[in-house]
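Residue numbers (my numbering): 3 to 312.
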Amino acid sequence: MTTLIIADHDNQHLKSGVTQAVACAQKIGGDIHILVAGHDCARAGAAAAAVTGVAKIIVADAQQFAQPVAENLAPLVVSLAKNYSHILFPASASGKNTAPRVAAMLDVAQLSDVVAVESADTFVRPIYAGSAFATVQSVDAVKVITVRATGFDAVAATGGTAVIESMDATADTGLSKVTKQELTKSDRPELVAAKRIVSGGRGMGDGDKYRQFLEPLADKLGAALGASRAAVDAGFVPNDYQVGQTGKVVAPELYIAIGISGAIQHLAGMKDSKVIVAINKDPDAPIFQVADYGLVGDLFTLVPELTAAI
């Protein structure tokens, strides 16, 4: 029994979610291999080889994988599938895009957002926006799985001694390509990997107040900034700030929810945080049902006071 993990990376570094996928694979059992498909991606391959618990790294280096779209990546994965009992993807945008295509090409079911492993063929995944969990058994010869990073403690990213092998790349399908990419540049931690997050909702009023009140607090805490879908839809912040069912799933050590009512879609993205602090003027806001600490009052008064006290 051998598991193949499809690495998310930028051709230089591994992205968050890979080390948690390795932790998931360790619970399944057997050998663990990682596929690094990219262009000029030797550094990413070396980073993968350093991950604890991995036996082999397979590197596919070709121009068509510089931006590995699912239409090119899926055939590559399928060409390796016969050698593996499990194929794991981090539950990132890339993983969620590629895994269904791989499963369809293999004619097997896909298991999404796995958060626990019961056995090699039985897994736990959230349903109903995380308000319940389903235990699912797969009898497929190859199990195609996306792994929710917040469900597993990351293994060490250093200390591993995996063997690195190169493979011939599959052909460019010519079905799609990335023509433009706009990245938000920030000195703050990456949202999904941050240990502390300050998040704002519709109660912030507008984007100017969001920045005026939340950025100083985040700066003092060394925290990433997040937002509810309502704040994103209102144009307060870009959509890559969004935490929730249709945004990013996070589980930091500290999550401060400010002006967020706590709709179930938002709770699905942050309820696994170790400590949750909520600030809201409505004492009946659903966010207080999951918060470890709650402050009821005007956030425009409380947030500056909290910032000054830190």
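Heads up, the beta-carbon is just placed ideally off N, CA and C, and yes, glycines get one too.
Being a predicted model, the structure only gives us computed values, none of them experimental.
Given the structure, does residue i come close to the ligand FMN, in the sense that its CB is under 7 Å from one of the ligand's heavy atoms?
i: residue 202; result: The ligand FMN is not among the ligands present in this structure, which contains no ligands whatsoever.
With residue i and residue j assumed to form a contact (beta carbons below 8 Å), what rounded beta-carbon distance in angstroms separates them?
i: residue 157; j: residue 24; result: 5 Å
i: residue 298; j: residue 273; result: That belief does not hold up - the Cβ atoms of residue 298 and residue 273 are roughly 20 Å apart, past 8 Å.
i: residue 83; j: residue 3; result: Contact flag wrong, Cβ pair sits at about 14 Å.
i: residue 7; j: residue 167; result: In fact, because the Cβ distance is near 15 Å, the residues do not count as touching under 8 Å.
Please report the distance separating the alpha-carbon of residue i from that of residue j.
i: residue 136; j: residue 109; result: 22 Å
i: residue 34; j: residue 296; result: 43 Å
i: residue 223; j: residue 173; result: 47 Å
i: residue 233; j: residue 214; result: 15 Å
i: residue 65; j: residue 101; result: 21 Å
i: residue 68; j: residue 43; result: 9 Å
i: residue 1; j: residue 93; result: Nothing in the structure corresponds to residue 1, since the chain is present only between 3 and 312.
i: residue 13; j: residue 106; result: 27 Å
i: residue 280; j: residue 37; result: 41 Å
i: residue 98; j: residue 177; result: 18 Å
i: residue 289; j: residue 263; result: 6 Å
i: residue 307; j: residue 169; result: 58 Å
i: residue 229; j: residue 155; result: 24 Å
i: residue 206; j: residue 305; result: 11 Å
i: residue 258; j: residue 231; result: 16 Å
i: residue 266; j: residue 171; result: 43 Å
i: residue 74; j: residue 96; result: 12 Å
i: residue 209; j: residue 236; result: 9 Å
i: residue 269; j: residue 247; result: 8 Å
i: residue 261; j: residue 39; result: 42 Å
Leaving out five residues on either side along the sequence, give the residues of the same chain with a beta carbon under 8 Å from the beta carbon of residue i.
i: residue 161; result: 52, 54
i: residue 16; result: 9, 10, 46, 49, 50, 53, 159
i: residue 113; result: 125, 127, 138, 140, 145, 146, 147, 148
i: residue 255; result: 197, 198, 275, 276, 277
i: residue 5; result: 27, 30, 32, 33, 34, 35, 86, 87, 88, 89, 90
i: residue 211; result: 302
i: residue 300; result: 283
Give me, in chain order, the residues of the same chain whose beta-carbon lies closer than 6 Å to that of residue i; leave out the 5 immediate sequence neighbours on both sides.
i: residue 58; result: 35, 164, 165
i: residue 226; result: 190, 191, 193, 196, 199
i: residue 29; result: 119
i: residue 218; result: 309
i: residue 71; result: 178
i: residue 220; result: 200, 227
Quick one: what's got a C-beta closer than 7 Å to residue i's C-beta in the same chain, skipping five residues either side?
i: residue 104; result: 76, 79, 80, 89, 146
i: residue 41; result: 13, 63, 64, 65, 67, 68
i: residue 117; result: 126, 127, 128, 150, 153
* Segments of 4+ residues assigned as alpha helix (DSSP H) that fall wholly inside the segment 50-89 -> 72-82
* Pick out the complete beta strand (DSSP E) segments inside the segment 87-112, 3 residues or longer, and give them in chain order. => DSSP runs (the beta strand (DSSP E)) wholly in the segment 87-112: 88-92.
* Give, in chain order, every unbroken run of the alpha helix (DSSP H) that is at least 4 residues long and sits entirely within the segment 269-311. => 301-311
* Asked: For the 8 Å Cβ check, are there 3 or more pairs between the segment 228-247 and the segment 190-207?
  -> yes
* For the segment 170-185 against the segment 122-142, are there 3 or more C-beta pairs whose distance is under 8 Å? -> No, they do not touch.
* Asked: What are the start and end residues of each continuous alpha helix (DSSP H) run of 4 or more residues lying completely inside the segment 188-254, in chain order?
  -> 209-223, 231-235
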